[in-house]
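To start, the structure under review is shown below, and the notes come after it.
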Amino acid sequence: ENSLTPEDLQSQVDEARQSYQEAEEALSKFLGNNQIDALSREIASKKNTLADYYAAKRELDRLIADAKALRDQLREGTTSSTMRDSLSLLLIKANASTLSSGQPADLQFSFGQLGGFAEDPAQQLSELETLIANLEARRDEVQNLIDDPLLQREILRLEEQLERERARQRQLTSARNLAWETYQTLANKAAEVEVASQVKETEVRFAMPAVKPEKPIKPRKKLNTLLASVVGGMLAVGVAFLIEYLDDTIGTPEDVRRTLGLSTLSSIAPLPAGVESGLVTISQPRAPSSEGFRALRTQLQIATDKPLKALLVTSPNPLEGKSTIVANLGVVMAQAGWSTVLVDSDMRRPVLHDMFGLSNAEGLSTVLSGDGRDPAEYLQATKVENLRLLASGPLPPNPSELLSSPRIEEVIQQLKGEADVLLLDSPAALAVTDAALLAKRVDGVLLVVESGVTQRGSAQQALEGLTKVGTNLVGVVLNRFSPGAAAEYYYYGGDQAQRRRKADIIRQPFRRLLDNVIRRTGQR
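Quick note on numbering: the sequence shown equals residues 2 to 525 in our numbering.
Listed below in structure tokens is the structure:
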């Protein structure tokens with residue numbers, strides 16, 4: 002079998018290191034010269050100007066309505082000692098509302114040329130008509146500013162330029178991460194080959210000549226054959242029984258494929274000791290589990306043709322690690338330069354706010370309860386740049402009713418406009434109906450199963466429930482998959498993969514034999 006020499010591997014390692022350094026330099030150069038911050042500020046400034054125009058128009062509409070109400074009173078002959086005071090107050094409001102120092106220069110104007118209102122009701126009516134005409138003329142001017150196509154096109158142009166800059170940053174970051182992962186893989190392989198090449202062959206020396214027996218030794222063929230058949234059959238049945246029936250859990254990516262018919266986007270190794278908050282991507286970014294989250298981020302980029310703007314993460318049962326997956330996936334996406342928002346939609350056992358050390362006084366339940374405020378007002382910044390959290394908020398008595406209301410779709414759409422990617426942590430799919438309610442309103446769903454814990458039946462039942470509501474199931478994350486098992490299943494082309502294929506071939510007859518035994522004894 003042909004294999005690479007240590008020198009060949011070292012050459013590949015050097016090339017991979019050079020590629021990584023070039024990718025890192027390209028990303029650093031872009032980050033030093035990009036216009037993302039400047040474009041964001043310019044877009045915000047122009048949108049604030051447009052918001053000022055809308056505010057001015059609303060104020061003018063109110064003033065015109067007040068003025069027309071006073072005009073109607075004068076036309077009906079209503080007179081009182083306070084009428085002139087009301088007219089003067091209206092004029093003061095008109096000037097005060099349009100001369101605030103915070104408004105753009107093109108909104109600065111005054112109605113002071115009217116002077117004070119006369120005592121005579123007829124003269125008051127005439128002056129009031131003049132004020133109404135001036136207010137309506139000014140409202141038309143403000144409406145023209147709002148409808149100005151140049152401003153709208155400029156905002157659109159800036160947003161497109163900003164998106165191109167962000168796309169370039171994501172591209173360079175992904176290239177850097179891929180180059181780093183390639184370099185690490187080759188470096189580890191080169192180290193293994195180097196160690197293997199240094200192992201010396203065991204020395205063999207002649208001890209003594211063989212002794213010729215005095216008479217032939219005849220094996221007891223019938224007895225040996227019988228014993229071998231009995232013992233071998235018992236072992237085969239016992240091993241097959243233990244593997245296939247006592248262990249009814251999903252343990253490997255191959256189990257995921259056989260049980261669910263889905264691909265495993267990433268296998269996450271168990272978190273190392275000492276990671277109390279679960280945010281391993283922050284505390285130990287080079288740990289195997291952190292590499293697994295970065296691999297998951299890469300797989301999500303290429304999993305579908307259409308970008309996944311809103312992604313729901315759920316699991317068949319509680320305590321299988323979905324919240325840890327959401328939190329760390331959000332961290333690595335933010336580290337890659339994506340504006341990321343996490344939503345803790347588990348309003349029964351929320352944990353994301355604890356993981357990031359944030360408050361849960363207000364959040365999703367507050368928004369869905371109908372206070373009328375923009376969901377973006379409840380977003381909390383985390384210690385990771387580009388990463389914000391919408392906590393679950395106070396635990397409501399009716400989470401399912403809140404998640405089934407039309408308001409939740411509005412909230413998701415509004416939050417999608419706040420970030421490049423939206424990650425929702427939901428309750429377990431089999432525990433309550435919340436996951437199915439949310440799955441219909443997002444772009445894709447990620448199913449988390451825990452290696453050696455999640456039962457096959459539970460995973461299949463969760464998959465069926467999500468499929469019934471028309472879910473776009475992107476793939477599966479195999480959580481807490483031990484690095485030793487991962488090496489067995491992902492060392493392509495090596496002896497371990499060959500042994501795995503042979504084991505699969507051997508296990509098939511055992512399964513059929515065991516099925517026949519159980520059917521005959523009526524135990525199934």
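Don't be surprised by glycine CBs; every beta carbon is placed ideally from N, CA and C.
With 16 other Cβ atoms within 10 Å as the buried cut-off, status of residue i
| i | result |
| --- | --- |
| residue 221 | exposed |
| residue 325 | buried |
| residue 448 | buried |
| residue 361 | buried |
| residue 392 | buried |
| residue 235 | exposed |
| residue 262 | exposed |
| residue 218 | exposed |
| residue 151 | exposed |
| residue 398 | exposed |
| residue 413 | buried |
| residue 251 | buried |
| residue 335 | buried |
| residue 428 | buried |
| residue 231 | exposed |
| residue 273 | exposed |
| residue 125 | buried |
| residue 134 | exposed |
| residue 457 | buried |
| residue 58 | buried |
Start-to-end residues for the beta strand (DSSP E) that takes in residue i
| i | result |
| --- | --- |
| residue 389 | 388-391 |
| residue 476 | 474-480 |
| residue 33 | Looking at the DSSP string, residue 33 is not in any beta strand (DSSP E); the run it does join, the alpha helix (DSSP H), is 7-34. |
| residue 265 | 265-268 |
| residue 311 | 311-315 |
| residue 62 | No beta strand (DSSP E) contains residue 62, which is instead part of the alpha helix (DSSP H) from 37-76. |
| residue 426 | 422-426 |
| residue 344 | 341-345 |
Distance, residue j Cα to residue i Cα
| i | j | result |
| --- | --- | --- |
| residue 156 | residue 43 | 9 Å |
| residue 316 | residue 46 | 43 Å |
| residue 419 | residue 377 | 7 Å |
| residue 342 | residue 388 | 6 Å |
| residue 477 | residue 441 | 18 Å |
| residue 172 | residue 25 | 12 Å |
| residue 123 | residue 129 | 10 Å |
| residue 7 | residue 192 | 9 Å |
| residue 48 | residue 167 | 20 Å |
| residue 54 | residue 382 | 30 Å |
| residue 308 | residue 189 | 33 Å |
| residue 77 | residue 145 | 35 Å |
| residue 468 | residue 445 | 12 Å |
| residue 278 | residue 300 | 25 Å |
| residue 344 | residue 319 | 18 Å |
| residue 323 | residue 177 | 27 Å |
| residue 93 | residue 415 | 38 Å |
| residue 226 | residue 233 | 10 Å |
| residue 288 | residue 270 | 9 Å |
| residue 60 | residue 438 | 41 Å |
| residue 280 | residue 297 | 15 Å |
According to DSSP, residues forming a beta bridge with residue i
| i | result |
| --- | --- |
| residue 456 | 250 |
| residue 149 | Answer by DSSP bridge pairing: none, since residue 149 is not bridged. |
| residue 445 | 312 |
| residue 450 | 479 |
| residue 382 | 389 |
Test: residue i CB closer than 8 Å to a CB of chain B
| i | result |
| --- | --- |
| residue 413 | Of the protein chains in this structure there is only one, and it is not chain B. |
Close Cβ partners of residue i (< 8 Å) along its chain, the five nearest in sequence each way excluded
| i | result |
| --- | --- |
| residue 187 | 10, 13, 14 and 17 |
| residue 20 | 180, 183 and 184 |
| residue 530 | Coverage of the chain is limited to positions 2 through 525, which leaves residue 530 absent and any answer about it impossible. |
| residue 450 | 251, 257, 316, 317, 321, 460, 477, 478, 479 and 480 |
| residue 338 | 167, 170, 171, 174 and 387 |
Unbroken alpha helix (DSSP H) run spanning residue i, endpoints
| i | result |
| --- | --- |
| residue 355 | 353-357 |
| residue 334 | 323-336 |
| residue 433 | Unbroken run through residue 433: none, as it is neither H nor E. |
| residue 305 | Counting along the chain, residue 305 falls outside any alpha helix (DSSP H), and DSSP gives it neither H nor E. |
| residue 407 | 407-417 |
| residue 398 | That residue, residue 398, is in no alpha helix (DSSP H); it is neither H nor E in DSSP. |
| residue 365 | 365-369 |
| residue 276 | Here residue 276 belongs to no alpha helix (DSSP H), and DSSP marks it neither H nor E. |
| residue 284 | 281-284 |
Cβ-based neighbour list, residue i, same chain, cut-off 7 Å, excluding 5 preceding and 5 following
| i | result |
| --- | --- |
| residue 304 | 266, 475 and 476 |
| residue 67 | 91 |
| residue 163 | 37, 40, 41 and 44 |
Neighbourhood of residue i by C-beta, 6 Å cutoff - its chain only, sequence neighbours within 5 removed
| i | result |
| --- | --- |
| residue 363 | 379 and 394 |
| residue 453 | 250 and 252 |
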